[in-house]
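**Student:**
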């Protein structure tokens, strides 16, 4: 059962990379392969595209046959969910840079990580968020003059 | 004599107050990075790289190199006190280091780790100083086919040693090559793989990929759990941190073994400090008269791997600076740094930039002395860094990553890519794809394509130019052999055993 789960990762990643390889080959076919002055822009991508399709097809097929040589480790979905929740909060925070600026968005991200992901009291989370955001503003914006996305309040 | 004159010139550069300060900053940060599990030198160097663009290049490379070799010193602290390696190069140190700590000898273990690191680190710099100039002179005769062959060999070795599955490592390298092709082709001005987006015309910044894969990917992987490890207390007072005279006598061969094995594994592209420390530990155990005690807390079991992973840094700089071939994720980022500052690592790097090369070499001697001081009397202070709660540390890493990328790209598109590569880095960890081949494929992709196309222009499209020149043919044959190694069961078993240590 565990073996099957791991092979599934190899199988789907093999398929995804095979699709990428086919896309690379199709794109490369639109560019010169060999010109009068030597290889064109399609030469190198064509070769690694073909290699990618061949290797990923091998990976997908061997994993489908249960021969991809995985160690049988099962995926702990609770752990994966925690990591993906963190990634989602980071992605939302990046999207918010344009709207509220780096400082406010970073403070919100920190608050989420401390309060939700680590289940610390709201007071601790708020303090950590405010101090971290203020620290970044002082060090990078004021002291080092690094231009960061600003919000309606100018920071 | 010429070496000594050049070294004296290097010390004049390294002892300038500004450079001395950057050396200290580098080794200090390196020690902290080494101590902190979950934050490695590639992530730190990638995050700090954009901030170095306004610095004097000598100061910048001295600082980044300081982080690189300083982290090797700090890595042993968590291995010994927590049984959690601060970075992959210190995995082997856990075996005997943690046992020594449990036996009440944490101070001696930390002390011998620092001394072995100092001895072997210094030997590694001597090796770099003596070997790099002749290698560079030899490489002056290289042309595009030889460079293509060398880069292929470097990539093949990294693929061989980076992942449990050779197919996955090769696929990761191919994805790196693809990312390096995105943007405008400089030979023909053709836009490749830009998905109709203007933002991709100039390609994807190396920094975005490196920070995404290493820093964000690492944070996400560490965020999977809320658990915090329990630390063994660090003995107070310098006397309790110094190994006994008997310990030093027991480690005589370990110092030598770590220094030599580490340096030569470092010179080999793809070797890396984890392999160096593993090999050195294995050799030490094989020749020891008390090999049955290995794993129960013998001091040589700490000295050999810690020496090897420090000596390796000197060796790894040889192919990087003289051939422009990085052998690991960290040296790939250092290569990108040198290129972004306007330098071209290769055979002409040393004669064209003596201040930079010899200044770096001299700073590494100075840095090793600084690290010995930082890691002997001050190790209890650094151990306090481990008390920094993860819920404070991880948002800071995410914030520094954002600042690093935005200060370089100046666009929110760059940050969106950062989030994407962060997710990719995490997924690669989950489904066991190594990151090092991808980052190396990206670092070498542009150069490989250029060298291949220039070679074929020289031969008017005839591929035989790659195998008709003796050096190129020999190196390409070696690269082919390297990729065939997994077919030999015995060697492959050794390779997998080495990788299991990571």
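Chains as they are written, first to last, in the numbering used here: chain P, 1 to 155; chain H, 1001 to 1502.
C-beta atoms are modelled at their ideal positions from N, C-alpha and C, and glycine is treated no differently.
Helix, strand or coil for residue 1461 (chain H) per DSSP?
**Tutor:** Here residue 1461 (chain H) corresponds to residue number 461 of the second chain, with the count starting at 1. Here residue 1461 (chain H) sits in coil by DSSP.
**Student:** Under the rule that 16 or more other beta-carbon atoms within 10 Å means buried, what is residue 1044 (chain H), buried or exposed?
**Tutor:** One-based indexing of the second chain puts residue 1044 (chain H) at position 44. Buried, since its Cβ has 16 or more Cβ neighbours within 10 Å.
**Student:** Got a sec? Which residues, its chain only, sit under 6 Å from residue 1291 (chain H) by beta carbon, not counting five neighbours each side?
**Tutor:** Taking the first residue of the second chain as 1, we reach residue 1291 (chain H) at position 291. Same-chain partners within the cutoff: 1285.
**Student:** Considering just the uninterrupted stretch of the alpha helix (DSSP H) at residue 1313 (chain H), what are its terminal residues?
**Tutor:** Numbered from its first residue, the second chain carries residue 1313 (chain H) at position 313. Per DSSP, residue 1313 (chain H) belongs to the alpha helix (DSSP H) from 1300 to 1323.
**Student:** Secondary structure at residue 38 (chain P), three-state DSSP: helix, strand or coil?
**Tutor:** In the first chain, residue 38 (chain P) corresponds to position 38, counting from 1. Strand at residue 38 (chain P).
**Student:** Please check if any C-beta of chain H sits within less than 9 Å of the C-beta of residue 130 (chain P).
**Tutor:** The residue you call residue 130 (chain P) lines up with position 130 of the first chain. No, residue 130 (chain P) does not count as interfacial toward chain H.
**Student:** Taking the Cβ atom as the reference point for each residue, do residue 1440 (chain H) and residue 1332 (chain H) lie within a distance shorter than 9 Å?
**Tutor:** Taking the second chain and counting its residues from 1, the one referred to as residue 1440 (chain H) is at position 440. Taking the second chain and counting its residues from 1, the one referred to as residue 1332 (chain H) is at position 332. In contact: residue 1440 (chain H) and residue 1332 (chain H) (Cβ atoms closer than 9 Å).
**Student:** So which of H:1397, H:1046, H:1110, H:1060 has the shortest CA-CA distance to residue 1073 (chain H)?
**Tutor:** The residue you call residue 1073 (chain H) lines up with position 73 of the second chain. If we check each option's Cα against that of residue 1073 (chain H), H:1110 comes out closest.
**Student:** Excluding the five sequence neighbours on either side, which residues of its own chain have a C-beta within less than 7 Å of the C-beta of residue 1205 (chain H), listed in chain order?
**Tutor:** Here the question's residue 1205 (chain H) lines up with position 205 in the second chain. If we look at residue 1205 (chain H) and ignore the five residues flanking it on each side, its Cβ neighbours are 1408, 1409, 1414.
**Student:** Short of 8 Å Cβ to Cβ, which residues in the region 1173 to 1187 of chain H face chain P?
**Tutor:** Residues 1174, 1175, 1177, 1178, 1181, 1185, 1187.
**Student:** Taking DSSP's pairing of strands, which residues face residue 1191 (chain H) in a bridge?
**Tutor:** Against the second chain, residue 1191 (chain H) aligns to sequence position 191. DSSP, once it has assigned bridges, lists H:1184 as partnering residue 1191 (chain H).
**Student:** Work out the CA separation of residue 1069 (chain H) and residue 1004 (chain H) for me, nearest whole Å.
**Tutor:** One-based indexing of the second chain puts residue 1004 (chain H) at position 4. One-based indexing of the second chain puts residue 1069 (chain H) at position 69. C-alpha separation (whole angstroms): 23 Å.
**Student:** Any chance the region 131 to 145 of chain P sits against the region 90 to 108 of chain P, with 3 or more Cβ pairs inside 8 Å?
**Tutor:** Enough Cβ pairs lie closer than 8 Å, so yes.
**Student:** Would a C-beta distance cut-off of 9 Å place residue 1255 (chain H) and residue 1120 (chain H) closer than the cut-off?
**Tutor:** Numbered from 1 along the second chain, position 255 holds the residue referred to as residue 1255 (chain H). Numbered from 1 along the second chain, position 120 holds the residue referred to as residue 1120 (chain H). Yes; because the gap between Cβ atoms is below 9 Å, this pair is in contact.
**Student:** In chain H, what lies closer than 8 Å to residue 63 (chain P) by C-beta?
**Tutor:** Counted from its first residue, the first chain places residue 63 (chain P) at position 63. Within chain H, no residue comes near residue 63 (chain P); the closest Cβ sits about 10 Å away, beyond 8 Å.
**Student:** Here's a check: name, in chain order, each residue in its chain whose Cβ is nearer than 6 Å to the Cβ of residue 1359 (chain H), leaving out the five neighbours to either side.
**Tutor:** Locating residue 1359 (chain H) in the second chain gives position 359, counting from the first residue. Excluding sequence neighbours, residue 1359 (chain H) sits near 1010, 1013, 1014, 1058.
**Student:** Confirm, please, whether the CB-CB distance from residue 1062 (chain H) to residue 1041 (chain H) is below 9 Å.
**Tutor:** As a working mapping, residue 1041 (chain H) is identified with position 41 in the second chain. As a working mapping, residue 1062 (chain H) is identified with position 62 in the second chain. Not a contact, by the Cβ cut-off of 9 Å.
**Student:** Anyone know if the C-beta pair for residue 222 (chain P) and residue 75 (chain P) falls short of 9 Å?
**Tutor:** No information on residue 222 (chain P) is available, as it lies outside the stretch 1 to 155 that chain P covers here.
**Student:** If you draw a straight line from the alpha carbon of residue 127 (chain P) to that of residue 144 (chain P), how long is it in whole angstroms?
**Tutor:** Taking the first chain and counting its residues from 1, one reaches residue 127 (chain P) at position 127. Taking the first chain and counting its residues from 1, one reaches residue 144 (chain P) at position 144. So the two alpha carbons sit approximately 24 Å from each other.
**Student:** Do residue 1203 (chain H) and residue 1225 (chain H) have their beta-carbon atoms positioned less than 9 Å apart in this structure?
**Tutor:** Residue mapping note: residue 1225 (chain H) aligns to position 225 of the second chain, counting from 1. Residue mapping note: residue 1203 (chain H) aligns to position 203 of the second chain, counting from 1. Cβ atoms of residue 1225 (chain H) and residue 1203 (chain H): not closer than 9 Å.
**Student:** Give every residue of the same chain whose Cβ lies closer than 6 Å to the Cβ of residue 1022 (chain H), excluding the five residues on either side of it in the sequence, and list them in chain order.
**Tutor:** Locating residue 1022 (chain H) in the second chain gives position 22, where the first residue counts as 1. Taken in chain order, the residues that qualify are 1059, 1062, 1063.
**Student:** Looking at chain H, which residues of the region 107 to 126 of chain P have a Cβ within less than 7 Å of any of its Cβ atoms?
**Tutor:** Under the 7 Å Cβ criterion, the region 107 to 126 of chain P contributes 109, 110, 113, 114, 117, 118, 120.
**Student:** Leaving out the 5 sequence neighbours to the left and right, which residues in its chain are closer than 6 Å to residue 1471 (chain H) when beta-carbon positions are compared?
**Tutor:** As a first step, residue 1471 (chain H) must be located in the second chain, where it is residue number 471. Correct list, in chain order: 1146.
**Student:** Out of curiosity, what's the CA-to-CA distance linking residue 10 (chain P) and residue 49 (chain P)?
**Tutor:** Counting from 1 along the first chain, the entry for residue 10 (chain P) is found at position 10. Counting from 1 along the first chain, the entry for residue 49 (chain P) is found at position 49. When rounded, the distance between both Cα atoms is 19 Å.
**Student:** Which residues in the same chain as residue 1484 (chain H) place their Cβ atom closer than 7 Å to its Cβ, once the five residues preceding and following it in sequence are excluded?
**Tutor:** Translated into the one-based positions of the second chain, residue 1484 (chain H) becomes position 484. None.
**Student:** What whole-angstrom Cβ distance do residue 1241 (chain H) and residue 1379 (chain H) have, given they're in contact under 8 Å?
**Tutor:** Sequence index remark: in the second chain, residue 1241 (chain H) carries index 241 (1-based). Sequence index remark: in the second chain, residue 1379 (chain H) carries index 379 (1-based). With a Cβ gap of about 6 Å, residue 1241 (chain H) and residue 1379 (chain H) count as contacting.
**Student:** Kindly say whether residue 1456 (chain H), judged by its beta-carbon, lies nearer than 9 Å to any beta-carbon of chain P.
**Tutor:** Translated into the one-based positions of the second chain, residue 1456 (chain H) becomes position 456. Yes, residue 1456 (chain H) counts as interfacial toward chain P.
**Student:** Just the chain H side, please: which residues come within less than 7 Å of residue 48 (chain P) by C-beta, in chain order?
**Tutor:** In the first chain, the residue the question calls residue 48 (chain P) occupies position 48. Those within 7 Å of residue 48 (chain P) in chain H are 1174, 1177, 1178.
**Student:** Pop quiz: residue 1405 (chain H) and residue 1207 (chain H) are said to be a contact at Cβ under 8 Å. What is the actual Cβ separation, rounded to whole angstroms?
**Tutor:** Mapped onto the second chain, residue 1405 (chain H) falls at position 405. Mapped onto the second chain, residue 1207 (chain H) falls at position 207. So it is a contact: roughly 6 Å between Cβ atoms.
**Student:** So what's residue 146 (chain P) in DSSP terms, helix, strand or just coil?
**Tutor:** Your numbering for residue 146 (chain P) matches position 146 in the first chain. Note: residue 146 (chain P) maps to coil in three-state DSSP.
**Student:** Note the first and the last residue of the continuous alpha helix (DSSP H) segment covering residue 1054 (chain H).
**Tutor:** Residue mapping note: residue 1054 (chain H) aligns to position 54 of the second chain, counting from 1. Premise fails: residue 1054 (chain H) is in no alpha helix (DSSP H) and is neither H nor E.
**Student:** If you measure from the beta carbon of residue 40 (chain P) to each beta carbon in chain H, is any gap under 9 Å?
**Tutor:** By 1-based counting over the first chain, the position of residue 40 (chain P) is 40. Yes, its Cβ sits closer than 9 Å to a Cβ of chain H.
**Student:** Determine, for residue 1331 (chain H), whether the minimum Cβ-Cβ distance to residues of chain P falls below 9 Å.
**Tutor:** Position 331 of the second chain, counting from 1, holds the residue named residue 1331 (chain H). Not an interface residue.
**Student:** Is any beta-carbon of chain P found at less than 9 Å from that of residue 1407 (chain H)?
**Tutor:** Residue numbering aside, residue 1407 (chain H) sits at position 407 when the second chain is read from its first letter. Chain P, which has a Cβ nearer than 9 Å to the Cβ of residue 1407 (chain H), makes this yes.
**Student:** What in chain P is Cβ-close to residue 1461 (chain H), meaning under 8 Å?
**Tutor:** Here the question's residue 1461 (chain H) lines up with position 461 in the second chain. 34, 38, 39, listed in chain order.
**Student:** Pair every Cβ in the region 1256 to 1263 of chain H with every Cβ in the region 1305 to 1320 of chain H, then say whether three or more of these pairs are closer than 8 Å.
**Tutor:** Judged by Cβ distances under 8 Å, the region 1256 to 1263 of chain H makes contact with the region 1305 to 1320 of chain H, as three or more pairs qualify.
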